[in-house]
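Trainee: Quick note: the sequence shown uses the UniProt record's numbering, first residue 1, plus one each step. Ideal Cβ placement from N, Cα and C applies to all residues, glycine included.
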Amino acid sequence: MYGQLTPPSSSGAGRCPTSPTCRKAVTVPSVSDTTDDAVSGASADDPVPPAGKGVTDAPHRPGRLRRLAALARREAPRTALAAASGAVLGLAFPPYDLWPLSLVGVAALALLTRGRTVRQGAWTGFALGLPFFVLLLKWLHVVGWDAVIGLSIAEALFLALLGAALAGTSRLPGWPLWAACLWVAEEWARDRLPFGGFPWGRLAFANTGSPFTPLAALGGAPLVTFAVALAGTLLATCAVALWGLARGGAPRKAVTALECFGLAAAVTVVGAAVPVPTKADDTVDIAVVQGNVQQPGMDFLGRPMMILGNHARATEKLAADIKAGKVHKPDLVIWPENSSDLDPFKYPEAYDRIDHAVKSIGVPVLVGALVDHPSKKGYVYNEGIVWDPKTGPGASYTKQHPVPFGEYVPFREQLSKIITRFQRVPRDFAPGDHTGLLKVGPARLGDVICFEVAYDQIVHDTVDAGARALVVQTNNATYGRTGQPEQQLAMSKLRAVEHGRAVVTAATSGISAVVAPDGTITHQIPEFTQGVVSARIPLRDETTLADRVGAAPEWALAIVGLLSCAAAVVVGRRGRVKTEKGQQ
1 MYGQLTPPSS SGAGRCPTSP TCRKAVTVPS VSDTTDDAVS GASADDPVPP AGKGVTDAPH
61 RPGRLRRLAA LARREAPRTA LAAASGAVLG LAFPPYDLWP LSLVGVAALA LLTRGRTVRQ
121 GAWTGFALGL PFFVLLLKWL HVVGWDAVIG LSIAEALFLA LLGAALAGTS RLPGWPLWAA
181 CLWVAEEWAR DRLPFGGFPW GRLAFANTGS PFTPLAALGG APLVTFAVAL AGTLLATCAV
241 ALWGLARGGA PRKAVTALEC FGLAAAVTVV GAAVPVPTKA DDTVDIAVVQ GNVQQPGMDF
301 LGRPMMILGN HARATEKLAA DIKAGKVHKP DLVIWPENSS DLDPFKYPEA YDRIDHAVKS
361 IGVPVLVGAL VDHPSKKGYV YNEGIVWDPK TGPGASYTKQ HPVPFGEYVP FREQLSKIIT
421 RFQRVPRDFA PGDHTGLLKV GPARLGDVIC FEVAYDQIVH DTVDAGARAL VVQTNNATYG
481 RTGQPEQQLA MSKLRAVEHG RAVVTAATSG ISAVVAPDGT ITHQIPEFTQ GVVSARIPLR
541 DETTLADRVG AAPEWALAIV GLLSCAAAVV VGRRGRVKTE KGQQ
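#1: Locate the alpha helix (DSSP H) running through T398, then write down its first and last residues.
#2: Given a threshold of 16 other Cβ atoms within 10 Å of its Cβ, counted over all protein chains shown, does G378 qualify as buried or as exposed?
#3: In angstroms, rounded to a whole number, what distance separates the CA positions of P517 and Q294?
#4: For the candidate residues G384, G500, L235, L557, whose alpha-carbon lies nearest to that of N475?
#5: Counting along the chain, where does the beta strand (DSSP E) carrying H523 start and finish?
#6: Examine the Cβ distances between the region 195-211 and the region 133-153 and report whether three or more of them are shorter than 8 Å.
#7: Just list the residues that DSSP pairs K439 with in beta bridges.
#8: Which residue's Cα is closest to the Cα of P431: I334, P393, L370, A180?
#9: Please check the pair V515 and V288, which I expect to be a contact at CB under 8 Å, by giving their CB distance rounded to whole angstroms.
#10: In or out: W145 buried (at least 16 other Cβ within 10 Å) or exposed?
#11: Measuring CA to CA, which of R202, T169, K439, P95 is closest to R190?
#12: Report the residue from A156, A568, E554 whose alpha carbon sits nearest the alpha carbon of S218.
#13: Taking three-plus beta-carbon pairs below 8 Å as touching, is the region 360-367 in contact with the region 382-396?
#14: Per DSSP, what kind of secondary structure is P50 in: helix, strand or coil?
#15: Measure the alpha-carbon distance for H401 versus G262 and round it to whole angstroms.
#16: Return the chain-ordered list of same chain residues with a C-beta closer than 6 Å to the C-beta of L242, the five sequence neighbours on each side being excluded.
#17: Within the region 436-522, note down every full alpha helix (DSSP H) run reaching 4 residues or more, in order along the chain.
#18: Taking the alpha-carbon of L489 as reference, which of T520, V274, L135 has the nearest alpha-carbon?
#19: To the nearest angstrom, report how far apart D343 and I449 are at their CA atoms.
#20: Count the other CB atoms within 10 Å of the CB of I537; is the residue buried (16 or more) or exposed (fewer)?
#21: Would you call the CB atoms of V267 and L230 closer than 9 Å?
#22: Identify the residues that DSSP records as bridge partners of L370: which are they?
#23: At a cut of 8 Å, does the region 135-144 reach the region 166-185 through at least three beta carbon pairs?
#24: Taking T398 as the reference, give the member of E413, F411, P410, D372 with the closest Cα.
#25: According to DSSP, is I361 part of a helix, a strand, or is it coil?
#26: Under 9 Å between the Cβ atoms of Y479 and F429?
#27: Under 9 Å between the Cβ atoms of A185 and L562?
#28: Look up T543 in the DSSP assignment and say whether it is helix, strand or coil.
#29: Could you give the DSSP three-state label for A250: helix, strand or coil?
#30: Using only the alpha-carbon positions, how far apart do A92 and N207 sit?
#31: Would G500 and R540 qualify as a contact pair, given that the criterion is a beta-carbon distance under 9 Å?
#32: Taking DSSP as the reference, what is the three-state secondary structure of T21?
#33: In or out: P336 buried (at least 16 other Cβ within 10 Å) or exposed?
#34: Under the three-state reduction of DSSP, which class applies to V403: helix, strand or coil?
#35: With burial defined as no fewer than 16 other Cβ atoms inside 10 Å of the residue's Cβ, what is the status of G105: buried or exposed?
#36: By the three-class DSSP mapping on this structure, what secondary structure does R536 have?
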């Protein structure tokens, strides 16, 4: 990874002052220089001062500092543009929802890395990624701004790798295609690493109501990302051609510009033309209860039984309205994640409160609760429990992907000694080992809990198991009015299109919503209000192409992106060999 320092010779002379290696560390390359000498940072023809006996590094430090300062000045405009582009890309996502800016962000990164060295591309990618993630994840400030910055830096490192790859492949023919594949590869890695990954900020999640959205029915979120990245890079290539034409370039550049713009438009039109299957095989009447919490933030729980009481009372009020003939009786009721703030199997008062509310409504209720692990002390399950008015609690689903550092602490023993904040996570959530397929009354529903909706495989496996509609039980009270609930709801919209299923989001404090299979929101409850949504949702058995192909498109596109990097390395080496032979 890093070369070793060469020790001084026995004669006491400084480090190889006349060797080509040392001569290559003298000058700073120009911003546009992309030769091998530029990568190493110098020209071999620069004068080298003579080295005297006992020379140390001290005399060279001022020169190095000057070179670094000069490099910083030269890179400052590009870095500033990258940072501004990252902020622009952040505005493409909820709660702002300016999806065309996702094309602008992609095009900007393409332009800023085109023709650059791998190192310069990596820095540009990081400079764009850091403000992007800070803006996207600012809702984490509820935990602490250090959490925002720390997670943003970690995620921006993936965009640094993307920037390096874009720069390295920018000289290959057909670059827009390879660039789009590299975006998919970057998201593939970020969705899985580390600790199971963190998929927030995928281009697809900024395009849940754009012409690209229907592509999710063909290849899921990765295909949407690919199309957005391809269109954005084509627009960047069009801009390069127009710039060359404006500076007196060949007329052929006008043709290139038209071709690239036409292809970008074609990708967009094709996306909008994809049919989204929505025909119902059956229907079911549901009610979603949003009981609300005492207050937003880290202390949303309030007094024990308060949140459970809110949901129980809202359900009992619904039962009274049904009895009075004000509303139609549903076939089932859905409560959110953590709607019971106490383990109903450990605390009889919690069990009785739930049971009374369920019996009052007279239909099965999907309850969200934390349940103590039966054998591992200090561990809990985050569950969705089907509660029947006659037989009580029955089948359940346990969240498969607990949130690292939020629902469990990796390396708890070591980290808790350093970061006292982890003491606010007193128990670790244990992961479940099966999909969330549940029979709730007459409906076969697929339950996913909270940010599991961001993970392709978890949702895909649930539909593949036979879910006819999807339920997202969530508790976003900690991050209320920060933009996070809107971001998560956007993911539900994409999943609806991807799988051709209605998606019901039940949130403790909002935003609870019903999303049709075409991705449109039909019912919604605002944040921090108590309310009930009654709706008739379609139940579907037909699967989409995205269901049938699974993760294959993502793997294929990611592999093509990685192969383009390998091709760039081979082409670069061949070019250097030819150059060396020509100089001999």
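Mentor: The relevant details are as follows:
#1: T398 -> not in any alpha helix (DSSP H); beta strand (DSSP E) instead, spanning 392-398.
#2: G378 should be labelled exposed.
#3: P517 and Q294 have their C-alpha atoms spaced approximately 33 Å apart.
#4: Just measuring C-alpha positions, the residue of G384, G500, L235, L557 sitting nearest N475 is G384.
#5: Where H523 is concerned, the enclosing beta strand (DSSP E) stretches over 521-525.
#6: Taking a cut-off of 8 Å on C-beta distances, the region 195-211 touches the region 133-153, as three or more cross pairs fall below it.
#7: DSSP, once it has assigned bridges, lists R444 as partnering K439.
#8: If we check each option's Cα against that of P431, L370 comes out closest.
#9: A Cβ-Cβ distance of about 12 Å is found for the pair V515 and V288, leaving them out of contact under the 8 Å criterion.
#10: Of the residues assessed, W145 falls on the exposed side of the cut-off, its CB having fewer than 16 other CB atoms within 10 angstroms.
#11: If we check each option's Cα against that of R190, R202 comes out closest.
#12: As written in the sequence, residue 218 is Leu, which differs from the Ser given in the question. When only C-alpha atoms are compared, the closest one is E554.
#13: The region 360-367 is in contact with the region 382-396.
#14: Confidence in P50 is poor, its pLDDT being 48 and thus under 50, which makes the residue's placement unreliable; the coordinate value appears in the next sentence. Coil.
#15: The C-alpha of H401 lies about 42 Å from the C-alpha of G262.
#16: Within its own chain, the residues whose Cβ lies closer than 6 Å to the Cβ of L242, once the five positions on either side in sequence are excluded, are A257, listed in chain order.
#17: Taking 4 residues as the shortest admissible run, the region 436-522 contains the following complete alpha helix (DSSP H) segments, listed from N- to C-terminal end: 456-464, 484-499.
#18: For L489, the closest alpha carbon among the candidates T520, V274, L135 is that of T520.
#19: Going by the C-alpha atoms only, they are around 17 Å apart.
#20: Its Cβ being crowded by 16 or more others within 10 Å, I537 is buried.
#21: At the C-beta level, V267 and L230 come within 9 Å of one another.
#22: Partner(s): N382.
#23: Taking a contact to require three or more Cβ pairs closer than 8 Å, the region 135-144 and the region 166-185 do not qualify as touching.
#24: The shortest C-alpha separation from T398 is found at D372.
#25: Helix, per DSSP.
#26: No; because the gap between Cβ atoms is not below 9 Å, this pair is not in contact.
#27: Result yes, Cβ atoms of A185 and L562 sit closer than 9 Å.
#28: T543: coil per DSSP, three-state reduction.
#29: Residue state, collapsed to three classes: coil.
#30: One alpha carbon belongs to A92, the other to N207, and they sit about 8 Å apart.
#31: Yes.
#32: Reliability fails at T21, whose pLDDT of 41 lies under 50, so the model's placement of it is uncertain and the value that follows must be treated cautiously. T21 falls in the helix class under three-state DSSP.
#33: Its Cβ being crowded by 16 or more others within 10 Å, P336 is buried.
#34: Assignment of V403 by DSSP, reduced to helix, strand and coil, places it in the coil class.
#35: By the 10 Å Cβ count, G105 comes out buried.
#36: Collapsing the DSSP output to three states places R536 in a strand.
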